[in-house]
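Presented below is the structure to which this report refers.
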Amino acid sequence: MTNDYRRGSDGGRGSGRPSSRGRSGYQGTGRQSYNAGQSRGNDPASRLRGSGGPQVHNTRSRKSSSTEWLTGTPLPRRKAVMGFIGLGLGLGVFRLGDYQIVEADKLRERADARRLLAQTLYAKRGTIYDRNGNVLASSAECRNIAVNPQLVEDVDKTVSALVKATGIDKKTCRKLVESDGTWVYIKRQVDEDDAVALEKKNLPGVLFEQAMKRVYPYGNLASQVLGVVNVDNDGLTGLEKQYNKLLTGTNGSLVRERARDGSYIAGGAYKKVAAVDGVDIVTTLDVNIQRAAEDALAEAVEKTKAKNGSALVTDPTTGEILAACSYPTYDQTDLENAKTEDMNLRLVTDAYEPGSVFKTLVAGAGFDLGVVRSSTSFEVPASIKVGDDTVTDADKRDYAMTMDVREMMRRSSNVGFVLVGRKIGADDFAAYVDKWGIGHSSGVDFPGESLGIVKERDQYDGATLGSMSFGQALSVSPIEIARAVGGIANGGVMMTPHFYKSSKGDEKDWGEGERAISEDAASQVISCMQTVVSEGTGVGGAVDGYDVAGKTGTAERADENGGYLKENYMSSFMGFAPAQSPKVLCYITLDGTPSGSDAAAVPFQSIMANALDVLGIPRTK
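First residue of the sequence shown? That's 58 in this note's numbering, and the numbers climb one at a time after it.
Next up, the structure:
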């Protein structure tokens, strides 16, 4: 009987002890508020219902029996029993001491968590400037709006106010307001004015958190270059991603004491760790040149019905990027309606067949090797076999012509440059493709650069050398081509294209550049490119008052079956000015135009004229 009685004392899983599981308080995080839950099992009925052990009918006789058992026990047994009792008391005292001494810190932490609210103090993200000190992207104070559903008194009133202040969907808002938890975000990065108007309504359970958000004084200007940040102010794309560590800074914290109802206690516990703001950076961009480039490119894409286009403006002597854009573009303040492909700076992230612009590099290799000069003449047939393909010139002539290299450049003769490529030879041709950096990273300080597709020498087939000689059978990013042709403008030395100029007053040294060809070879190419603009295929790129060196490009667009699409071209124009002392290089690409290179000459001329004027470059004629 005694043994049965003992088992019955705990054999029922729902004994009459009050349950602590039904009590709720602070959840231990700084952002959670007090939740006064009710304890299950505190009423007598519940205690009765919870009794799960065997029922005891004669409690008095059992008590007597147990007493007799104790007193009637022989001395050794009584000593043992008393020893057990003493041990139990000792353990109880030890446990009490454990709670008072050993676990005091833990208990104190739990108590602090119930009454202390910890908030993040967001660091101000570094400002991004153009080269002249104009603000391209900065940070402004805003609020994150949240609710503690446990403290909301009037759901309908609260939902209505939140919807009006934030624009959030009413159904979604109600679901959040009626959810579990003690801190639920309604909307983050709400304008300060809207948050203040909501705060004045003093709605129970509505909470506010100071935050930072990115603002753009020039709207979506240079949006693809600048990139975007998330709600935590971490850079996701563009320069925001490239220089995220520099721009981010270090968040601080604020701990305040609050009452049972969630309000802050005046004069209560207070601890603040100040945030450390991010570092400002100065870019190489010029807002005026950037605006002119974006406007001219957008107009060209729309007029030519191109799929997309890109524009790049650099200083070829330093590698500084003065403007860069693609079209269509996007608005970084309206990401919900932005297309991923429109967020890409295509001149970096995409690769294309460069077309006839590549002939400038082929000529430079031939001049540098000494196998040809600008005056070297060839008998150029009307057509030529390149592997299994027959190559012709754009003029569709049916007779042979004598042309020197300058004339080949002026007319942009595909057949003529196949002959120049053969003069160079496959081994040297592949070596110079490598020297020009084609198929390698340009070194641009921008994420996601495409390396394109360029065959190694051992991958050449019967058509490779001939096709590459006039800019087909390879794909390359525009930024790589711009770096290489910029080397021609810079006397044979290629500079690293870059957006970053300085921070904290210290300019970054981007190095002295890499020589690709001799100064004499570069000079010959420049002279040929001047002829292209003055009397050849590039006359549309001429700028009044300046000597301009340029080259057109028209590449057929490849189809999925390995052939080429009809009336679907990559139209491009690469040029720089003043020709003999270049300060501005501009590269235009229009993808998917129904016409040839003339389409790209128009935006080139407009952008180049603007850049020369903005920079104050003296006229040369």
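Just so you know, even glycine gets a beta-carbon here, dropped at the ideal spot from N, CA and C.
Give the DSSP-derived three-state secondary structure of Gly632 in the structure shown. Strand, per DSSP.
Start and end residues, alpha helix (DSSP H) containing Leu283: Note, Leu283: alpha helix (DSSP H), Ser280 to Leu283.
Go ahead and label Gln529 buried or exposed: buried means 16 or more other beta carbons lie within 10 angstroms of its beta carbon, across all protein chains shown. When all chains shown are included, Gln529 counts as buried.
Between Lys480 and the rest of its own chain, which residues show a CB-CB distance below 7 Å, the 5 nearest in sequence each way excluded? Apart from sequence neighbours up to five positions away, the residues of its chain that approach Lys480 with a beta-carbon distance below 7 Å are Gly423, Val428 and Val429, ordered along the chain.
From what residue to what residue does the alpha helix (DSSP H) around Thr229 run? First-last of the alpha helix (DSSP H) with Thr229: Lys227 to Val234.
Give me the Cβ distance between Gly262 and Val204, rounded to the nearest whole Å; I'm assuming they're in contact under 8 Å. Going by Cβ atoms, the distance from Gly262 to Val204 rounds to 5 Å, so yes, they are a contact pair.
Should Val282 be flagged as near chain D, meaning a C-beta pair shorter than 8 Å? Protein chains in the displayed structure number just one, and chain D is not present.
Between the region 273-291 and the region 382-401, are three or more C-beta pairs nearer than 8 Å? Touching, yes, given that three or more Cβ pairs across the two stretches are closer than 8 Å.
Let me know the secondary structure DSSP gives Gln39 once reduced to three states. No information on residue 39 is available, as it lies outside the stretch 58 to 678 that the chain covers here.
Could you tell me which of Leu369, Met269 and Cys230 sits nearest to Glu249, measuring between CA atoms? Ranking the options by Cα distance to Glu249, first place goes to Met269.
Let me confirm a value: Thr447 is counted as buried when at least 16 other C-beta atoms fall within 10 Å, else exposed. Which label applies? Thr447 is exposed by the Cβ-count criterion.
Quick check: the region 598-606 against the region 431-451, are at least 3 beta-carbon pairs closer than 8 Å? By the Cβ test, the region 431-451 is not in contact with the region 598-606, since fewer than three Cβ pairs between them sit closer than 8 Å.
Residues near Thr374 by beta carbon distance below 6 Å, same chain, minus five either side: These residues qualify, in order along the chain: Asn547.
Report the residue ranges of all beta strand (DSSP E) runs contained in full by the region 451-515; include only those spanning at least 3 residues, in chain order. Runs found: 458-461.
Helix, strand or coil: how does DSSP classify Phe527 here? When DSSP states are grouped into helix, strand and coil, Phe527 belongs to the coil group.
What are the start and end residues of the alpha helix (DSSP H) that includes Ser310? No alpha helix (DSSP H) holds Ser310; the beta strand (DSSP E) holding it covers Gly309 to Glu314.
If contact is defined by three or more beta carbon pairs under 8 Å, each pair taking one atom from either stretch, is the region 510-525 in contact with the region 544-563? Because the criterion of three Cβ pairs below 8 Å is not met, the region 544-563 and the region 510-525 do not touch.
How many Å lie between Asn308 and Val596 at the Cα? Asn308 and Val596 have their C-alpha atoms some 56 Å from each other.
Stretch-stretch touch, CB-based, cutoff 8 Å, three pairs: the region 430-441 with the region 451-471: Between the region 430-441 and the region 451-471, the count of Cβ pairs shorter than 8 Å is three or higher; the stretches touch.
If I follow the unbroken beta strand (DSSP E) through Leu647, where does it start and stop? Counting along the chain, the beta strand (DSSP E) containing Leu647 begins and ends at Val641 to Thr650.
Here's a check: name, in chain order, each residue in its chain whose Cβ is nearer than 6 Å to the Cβ of Ala102, leaving out the five neighbours to either side. Because the pLDDT at Ala102 is just 36, under 50, the model does not fix this residue reliably, and the value given afterwards should be weighed accordingly. So no residue of the chain qualifies.
Between Asn189 and Gly562, what straight-line distance do the alpha-carbon atoms span, to the nearest angstrom? Taking the straight line from one Cα to the other gives about 13 Å.
Candidates Glu377, Val216, Glu576 and Phe415, of which the one nearest Lys232 by Cα: Each of Glu377, Val216, Glu576 and Phe415 was checked against the Cα of Lys232, and the nearest Cα belongs to Val216.
Quick check: the region 499-511 against the region 465-474, are there 3 or more CB pairs under 8 Å? These segments do not touch.
In whole angstroms, give me the CA-to-CA distance for Val253 and Ser383. Using only the alpha carbons, I get a separation of about 39 Å.
Kindly confirm or deny that the region 290-306 and the region 336-356 touch, where touching means at least three C-beta pairs closer than 8 Å. By the Cβ rule, the region 290-306 counts as touching the region 336-356, because three or more pairs are nearer than 8 Å.
Length of the line joining the Cα atoms of Ile495 and Gly224: When rounded, the distance between both Cα atoms is 50 Å.
I'd like to confirm the pairing. Which residues does DSSP put opposite Tyr387 in its beta bridges? The partner list for Tyr387 (beta bridge, DSSP) is empty, contrary to what the question assumes.
Do you know offhand how far Glu613's Cα is from Arg182's? Cα to Cα, the separation comes out at about 45 Å.
Consult DSSP for Leu379 and reduce its assignment to one of helix, strand or coil. Three-state result, Leu379: strand.
Identify whether Glu356 lies in helix, strand or coil by the three-state DSSP scheme. Annotated three-state conformation of Glu356 is helix, per DSSP.
Residue environment, Ile510, which counts as buried when at least 16 other CB atoms sit within 10 Å: Ile510 comes out exposed.
8 Å Cβ cutoff met for Ile664 and Ala353: Yes, they are a contact pair.
Where does Pro660 land, buried or exposed, given buried means 16+ other C-beta within 10 angstroms? Residue environment for Pro660: buried (at least 16 other C-beta atoms within 10 angstroms of its C-beta).
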